[in-house]
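Let me begin by presenting the structure, written as structure tokens, before commenting on it.
Protein chains: 6
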Amino acid sequence: MMNIAVRNIQRAKSELVNAFGSIGVATIHEAQGRTGYLGAGIRPVNRGPHISGSALTVLATPNDNWMIHVAIELALPGDILLVGMTAPCTDGAFGDLLAVACQARGIRGLVSDAGVRDIDALRDMNFPVWSRAISAQGTVKENPGAVNVPITIGGSVINPGDVIVADSDGVVCVPRNTADAVLDASQERDTKEHDIRTALQQGESSMDLFGLRTGLEAKGFTYVDKAKDK
Amino acid sequence: MMNIAVRNIQRAKSELVNAFGSIGVATIHEAQGRTGYLGAGIRPVNRGPHISGSALTVLATPNDNWMIHVAIELALPGDILLVGMTAPCTDGAFGDLLAVACQARGIRGLVSDAGVRDIDALRDMNFPVWSRAISAQGTVKENPGAVNVPITIGGSVINPGDVIVADSDGVVCVPRNTADAVLDASQERDTKEHDIRTALQQGESSMDLFGLRTGLEAKGFTYVDKAKDK
Amino acid sequence: MMNIAVRNIQRAKSELVNAFGSIGVATIHEAQGRTGYLGAGIRPVNRGPHISGSALTVLATPNDNWMIHVAIELALPGDILLVGMTAPCTDGAFGDLLAVACQARGIRGLVSDAGVRDIDALRDMNFPVWSRAISAQGTVKENPGAVNVPITIGGSVINPGDVIVADSDGVVCVPRNTADAVLDASQERDTKEHDIRTALQQGESSMDLFGLRTGLEAKGFTYVDKAKDK
Amino acid sequence: MMNIAVRNIQRAKSELVNAFGSIGVATIHEAQGRTGYLGAGIRPVNRGPHISGSALTVLATPNDNWMIHVAIELALPGDILLVGMTAPCTDGAFGDLLAVACQARGIRGLVSDAGVRDIDALRDMNFPVWSRAISAQGTVKENPGAVNVPITIGGSVINPGDVIVADSDGVVCVPRNTADAVLDASQERDTKEHDIRTALQQGESSMDLFGLRTGLEAKGFTYVDKAKDK
Amino acid sequence: MMNIAVRNIQRAKSELVNAFGSIGVATIHEAQGRTGYLGAGIRPVNRGPHISGSALTVLATPNDNWMIHVAIELALPGDILLVGMTAPCTDGAFGDLLAVACQARGIRGLVSDAGVRDIDALRDMNFPVWSRAISAQGTVKENPGAVNVPITIGGSVINPGDVIVADSDGVVCVPRNTADAVLDASQERDTKEHDIRTALQQGESSMDLFGLRTGLEAKGFTYVDKAKDK
Amino acid sequence: MMNIAVRNIQRAKSELVNAFGSIGVATIHEAQGRTGYLGAGIRPVNRGPHISGSALTVLATPNDNWMIHVAIELALPGDILLVGMTAPCTDGAFGDLLAVACQARGIRGLVSDAGVRDIDALRDMNFPVWSRAISAQGTVKENPGAVNVPITIGGSVINPGDVIVADSDGVVCVPRNTADAVLDASQERDTKEHDIRTALQQGESSMDLFGLRTGLEAKGFTYVDKAKDK
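Protein chains in written order, with the working numbering: chain A, 1 to 230; chain B, 1001 to 1230; chain C, 2001 to 2230; chain D, 3001 to 3230; chain E, 4001 to 4230; chain F, 5001 to 5230.
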């Protein structure tokens, strides 16, 4: 690991980043070919928020939050702080003081592969956080990691400046250089889902709407009229 | 596994099914001899709902939701959709579109041994869901399973047409052919607990109310007046 | 294990215990040198409460809640019930009837290394509970454990009469004989954090406030102006 | 749960049961339509053995091994002891003394959804055991369960008298009334796999042998000659 | 946490410590009233060894092995190194170099609540290790903990100088001041088990040997001659 | 996800790849700045092997092994098959037939983020496998993924053609374009460790060898001569 902080990263245009804010994580994940999801282990600490922003990445060492301080200083308004780990750790590397510092810089939220604390205060401050754990356990400032380098969370790679979207389903990363196309595909999917929703509400079968009868028989699937009752 | 969908299953009478709707899962679980609980791993996706219904069962393959579509088409109003898996999987096999389809058919809720997504939309729609995981990860329609066959979730067997009750403690399954007796026992237990609650509120000791002093001494248990202070 | 219940334990003065009630778990954990935290596995069953009290300890055997009944009878107003286990278990050893019994004795809440049930009723009663699991699975009264003996939860030792504080971050134990000093240190920390919060809100960098630039370079950390774009 | 022990159960013929002893668990699992596997959580305590036998089932309560004693007394030579749980538990409900008792009755091995202990002694005695956990934690004899009733382990239902096969991949259950057909299908599959193995060793591609080129293109899969080097 | 190393601790006499070396962990755990077991999560890295020794305790911070170096320097021949953590961590805090240092000081083995690495080398050196994880991930020397203070692993408290016994079932701690009595009780239990083993081998039922028929009926348990065949 | 197979990837020179075969995973992980480790969850299925090779990568969908067949056909002697997943899955996507196919193509081993089966046969064939799970559960060939694209396992990114080393501590990935330098650093570290080992065997303290006394006092660490005995 190079112990560096990269000062100048490229970010997607803010109009583009913001346009993702009204689209659900599951929809975006579908629209970009089912990639970029940070997995079921990253959960919102307080239910409710739905945000988008530009990835400000941290690669942190276990039990250490030094790099988070370094990263906040390099933030621009509209960033989301993404904390990856060099090894698994649940310690509470982020709390209300860091959230105050984030808000002062215009950071929109935190996504962490480690733990967070002061979660009641985070809720009262309206600072949105997604994390792998909640823990009061404190951390130190002894072992540098890196800032604005590529990280991975839940099997997805996040590069600094990628577009991040987070809601109650979790978090998705959209690479910066494909964000335009993914936004279009996401919006198209949203529109299409609206029509499907209407059709379903009117009683149409999803078997017909999605063409799901085709192939069932070929795979050996059959309908039977009655099971033998036990 | 037989790849079949059974069209005509027997269901308990709706009066019976509905009568369970006001009784807690823990009480029913006790009343039927501590059986039928689907375990601590099945949690409500949104806190609040308490429902009862008739089991419409799905045996799904990992990362595939084809059978859920097949099952919804076979639903009757008052059913609850129960999704068991042939192998462990956390993918989001159910989302808001399927919930719309469920509501259009009068399905009261979903219980899934896999993952679900669009959980904010599910909350806004008032469609109750219990699941093992929350995940935006999408699924395919390639590998048929079965519909309305016996399944297991959390160590309990669920037959199609069994009575299902779900609240914040989780989910319990009451076999159709013993549902009458279990309802009686559950209501009796509820009544009895009301009296106990009153007695406890008035300051009686649970040691007396439940006869818990008997046997303590025989098992070598003793009261001591004071521990040596460290 | 000695199968005993200790009747007369020493408790901290109620003024002292109560003074902890307005201080966060993470702050107290820090103030006593990052000890006493019961770990990330102990979570509030219903979000919201923040309580302090005197530890009434139970050492329970798996699938058995006999000792909880014994303990409640020995409670004084202001106690918090702490349930440790002789072996891991998620069963629902505590429910609404026991909560009624607790409230009748002035017990302020429950912290359990096992499972609890009737959690909607617990919320409606305003009885605060922290636990490792939620499960409707019932328990028996067959195997005595002990009451008011030292227990461990999440790697921390809890002695009867210790001060317990619990909020949304989890639970911390403050040994009775150091509680005075820990309260002072906690309050001092709270005051100090107030000043830091103000400085951060005014835009100061946490790197300056905490002196975090020192040492970075010595550990090989460098700032670079621009990463090579991919 | 009915607290009963069923004395006379039907078993498959010993020739049939024994014939399964030379076939791998994965092969049998395939041959019966990918059903009956007890899951990845049930592992051999000591690597090596490969056994088949007739299921002698126990439904045990957490931290209690009373029913194992009851079951052993009802065993016939050729049985395998299958221990299911009413709730999750890792305690060491089985050790070397019970293994001696099993061997004296001709029981061929143990499969347990809980924990076992004395595992060095079990290895020295050549008594094969598969379990979810290894734990020295002892259990009691206070809470009866049942013997020779249907149980579930890892999502599969096991009826007393079913055929059980266990090897290093885990454990599979073959229902008694389909065991004949499953044996035939398993042996046929074994033969077929022998031919495939030979073809593969001679350098044929599995893509051709299994007809895996068909459909790839239709699903949008393409071969590209060279990726852009980073 | 006090950051201290205690130089002079009391140890049990070596004859006493060594006498435990031939007794199984499960037996000792039983003989001292089912206390002191370090839980099912602590497993031998290489199967085979069975050791006893005097506890040399380390309280380590996550991702840091500085204190292990401090502890080894304070070791006496016959010690076993016990590493507890201030917070959960799987990093490989111990490897072959530290094992060489341990052997040079006469340390008999390692028990760690974190991870270890170089496990092939540990096997080749015959240095016995029990741990919660195996991981190549390296650690730092930045955050002191403590040496020869009380620690907890798996819910059991370990004081420096306690007697430790480890075999394939895991690890048990015997407090120094009760070790004499526990040794006697363990040996008595071993002798008794020898007689039971003989009786079981001769075909006696464990139901008779342990008096397990008594009470079954009173708890509602019944034998039935035949289940209705499905 | 692009559903592609890349036919022509760049590989490191075989001399370079092979030179890593005698160096431990932990050493290489250290030598490249503690990066590239695939985590504590990837374990050898059979203990013993220590291999190096060139990464042939597969991105597979849950419960599907189609891409493994595609990849094997593209293998060159000296490759190691690396299977990443689009979502978590423990199914047995690889067994003895695929191992035969691998050996026929000169593939040296498998590293999988999913499950494997037929593990006794794998041991008998001397085909080395590391995986997250062992499971007899079969998979299908319905949902293409990709071959020779970047994947992640355990938080590390693996590009096709990277150097892979695996031993009992797990698996490490060395990027192709830094492999030369990492090999040098690894060998240097090995040499240095040899000298340290000798010094430790001769009784030198690791505190002196690694300069670990410096800084202890500054961090508030102190030696005390005697703890108060309890």
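By construction, the Cβ of each residue, glycine as well, lies at the ideal position given by its N, Cα and C atoms.
Option nearest Leu3122/D by Cα separation, candidates Ser4168/E, Ala4075/E, Ile4072/E and Phe4020/E
Ser4168/E
Let me check one thing: in DSSP terms, what residues is Thr4222/E bridge-paired to?
Ile3004/D
Taking the straight line between their C-alpha atoms, what separation do you get for Val2182/C and Val2174/C?
8 Å
Rounded separation between Val2025/C and Arg1011/B - CA only
51 Å
My parser needs the beta strand (DSSP E) runs of 3 or more residues fully inside the stretch 3002-3081 of chain D; what are they?
3004-3008 and 3051-3060
If you reduce the DSSP assignment to three classes, tell me which class Cys3173/D lands in.
strand
Is the Cβ-Cβ distance between Ala2071/C and Val2058/C less than 8 Å?
yes
With distances taken from CA atoms, which of Glu15/A, Asp225/A, Ala104/A and Arg132/A is nearest Asp113/A?
That would be Arg132/A, whose Cα lies nearest to the Cα of Asp113/A.
Can you list the residues of chain B that Asn2008/C reaches, using a CB-CB cut of under 7 Å?
Asp1225 and Lys1226
Closer than 7 Å by beta-carbon distance: list the chain B residues that pair up with Lys2141/C, in chain order.
Leu1212
Per-residue DSSP class, three states only, for Val100/A:
Val100/A falls in the helix class under three-state DSSP.
In angstroms with no decimal places, state the Cα-to-Cα distance between Val149/A and Val83/A.
Cα-Cα distance, rounded: 11 Å.
Could you give the first and the last residue of the continuous beta strand (DSSP E) run that contains Ala5133/F?
Taken as a continuous stretch (DSSP letters only), the beta strand (DSSP E) holding Ala5133/F covers Val5129 to Ile5134.
Please report the straight-line C-alpha distance between Pro3128/D and Ile4196/E, rounded to a whole angstrom.
21 Å
State the Cα-Cα distance for the pair Asn5159/F and Val3045/D, rounded to the nearest angstrom.
37 Å
For Pro1144/B, which residues in chain F fall below 7 Å Cβ to Cβ?
Neighbours of Pro1144/B on chain F: none; closest Cβ ~10 Å, over 7 Å.
What does the Cβ neighbour count give for Pro144/A, buried or exposed, with the cut at 16 atoms within 10 Å?
buried
Give every residue of the same chain whose Cβ lies closer than 8 Å to the Cβ of Thr4086/E, excluding the five residues on either side of it in the sequence, and list them in chain order.
Met4001, Leu4059, Ala4060, Thr4061, Pro4062 and Gly4145
Let me check one thing: in DSSP terms, what residues is Met5085/F bridge-paired to?
According to DSSP, residue pairing for Met5085/F in a beta bridge involves Ala5060/F.
Find the residues of chain E that neighbour Val5157/F, judging by a C-beta separation of less than 8 Å, and give them in chain order.
Within 8 Å Cβ-Cβ: nothing; Val5157/F doesn't reach chain E, min ~16 Å.
I need the boundaries of the alpha helix (DSSP H) containing Val5157/F, first residue and last residue.
Counting along the chain, Val5157/F falls outside any alpha helix (DSSP H), though it belongs to the beta strand (DSSP E) covering Ser5156 to Ile5158.
Would you mind sorting Glu3188/D into buried or exposed? The rule is 16 or more other CB atoms within 10 Å of its CB.
Exposed is the call here.
Neighbour-count burial assignment, His2194/C, 16 or more Cβ in a 10 Å radius
exposed
May I have the straight-line CA-CA distance separating Asp1229/B from Ala1019/B, to the nearest angstrom?
Its pLDDT being 49, under 50, Asp1229/B is placed unreliably in this model, and the coordinates cannot settle the point.
Would Val3157/D and His3029/D be called neighbours here (beta carbons separated by less than 8 Å)?
no
Under the DSSP definition of a beta bridge, which residues are partnered with Gly3092/D?
Gly3115/D
Val2165/C - containing beta strand (DSSP E), residue span:
Val2163 to Asp2167
If you measure beta-carbon to beta-carbon, which residues of the stretch 5031-5054 of chain F are closer than 7 Å to chain I?
You won't find chain I in this structure, because its protein chains are A, B, C, D, E and F.
Neighbourhood of His5050/F by C-beta, 6 Å cutoff - its chain only, sequence neighbours within 5 removed:
Asp5167
I think Ile5068/F touches Leu5098/F, with their Cβ atoms under 8 Å apart; what is that distance to the nearest whole Å?
In this structure Ile5068/F touches Leu5098/F by the C-beta definition: roughly 6 Å separates them, less than 8 Å.
Can you tell which of Trp4130/E, Met4125/E, Gly4155/E and Arg4117/E has its C-alpha closest to the C-alpha of Thr4139/E?
Arg4117/E
Is DSSP giving Val1182/B helix, strand or coil here?
Looking at Val1182/B - three-state DSSP - the assignment turns out to be helix.
Looking at the strands, I want to know which residues DSSP matches up with Ala4121/E.
DSSP, once it has assigned bridges, lists no residue as partnering Ala4121/E.
Endpoints, the beta strand (DSSP E) within which Ile4151/E is located
Ile4151 to Ile4153
Please say whether Leu1038/B and Gly1220/B have beta carbons closer to each other than 8 Å?
Against a cut-off of 8 Å, the Cβ pair of Leu1038/B and Gly1220/B comes out as no contact.
With a threshold of 16 other CB atoms inside 10 Å of the CB of Ala3005/D, please say whether the residue is buried or exposed.
buried
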